[in-house]
Amino acid sequence: MTRRYSLFAALGIFMLLLLSGCTSLPLPKHTPSLTLPMQLHVQRQQAEQRQDWLLVIQQEDAGLRWSLMDPLGIPLARQLLHNQHWQADGLLPPNPEARELFAALLFALTPADQLADNYPQATSSADRRTLDRRWQVHYVQPQVFSIDLDNGVHYTLSPLNTETAP
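Here the UniProt record's numbering is used: position 72 in the sequence shown is 72, and no number is missing along the way.
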């Protein structure tokens with residue numbers, strides 16, 4: 001009997017972990033107009049730990065493909081936003097932190113004239129944007145900005161220099 005109980009307990013824990021990766025994130029009512037493809041340098045900081053990542057956002061049929069990689073090009077997360085739902089893209093395991101980053105970044109990249117329609121609960125000013133204390137965006141320059149999450153993670157994002165050296 002205890003073996004069966006252990007099996008069901010393990011299965012229950014597995015299902016909870018699986019479902020925790022599917023928690024609802026704020027998404028726009030309509031996909032905002034973005035200039036794509038977009039390549040960004042992502043600096044993640046939490047406490048004293050800092051990481052650098054590369055992010056590519058591409059149009060994929062009727063959706064947006066988000067690919068997060070380390071500096072060596074090793075994929076960390078790939079997601080497809082299609083019909084207002086996130087879908088795994090490829091064989092990578094679920095990455096809830098990356099999905100939160102992608103959703104926050106979509107909020108940050110939404111053009112100002114589309115913000116009120118897509119995120120009615122958002123507040124904004126010339127250089128800041130906030131969504132229910134969950135995400136705070138601060139624009140340093142037009143394409144350089146930071147995102148603070150309510151869990152203490154801080155991201156700084158800037159366009160990747162795509163020019164080739166002579």
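Virtual Cβ for every residue (Gly too), placed ideally from N, Cα, C.
Relative to the C-alpha of P93, which candidate in P37, D52, L68, Y139 has its C-alpha closest? The closest CA to that of P93, considering only P37, D52, L68, Y139, is found on L68.
Smallest Cα separation from Q46: which of V153, Q79, F102? Of the candidates V153, Q79, F102, the one whose C-alpha sits nearest the C-alpha of Q46 is V153.
Mark R128 as exposed unless 16 or more other C-beta atoms lie within 10 angstroms of its C-beta, in which case mark it buried. Exposed.
Can you give the Cα-Cα distance for W86 and L131, rounded to whole angstroms? Taking the CA atoms as reference points, W86 sits about 19 Å from L131.
Beta-carbon proximity of L105 to I147, cut-off 8 Å: Cβ distance < 8 Å, so L105 and I147 count as in contact.
Limits of the alpha helix (DSSP H) - the one that L105 falls within: Run containing L105: 96-109, per the alpha helix (DSSP H) assignment.
What does DSSP give as the partner residue(s) for H82 in the beta ladder? According to DSSP, which records beta bridges pairwise, H82 is partnered with H85.
Going by C-alpha distance, which of R44, Q59, P32 is nearest W53? Closest option to W53, Cα to Cα, is R44.
When you compare each of L115, Q51, E97, Q39 to R65 by their alpha carbons, which one comes out closest? For R65, the closest of L115, Q51, E97, Q39 by C-alpha to C-alpha distance is Q39.
Between D150, R133, A98, L34, which lies nearest to V42 when the distance is taken from Cα to Cα? Considering only alpha carbons, the answer is A98.
Distance between P37 and V56 (C-alpha atoms, nearest Å): Going by the C-alpha atoms only, they are around 7 Å apart.
So, with DSSP's three-state summary, where would you put L115? Look at L115 here: in three-state DSSP terms it is helix.
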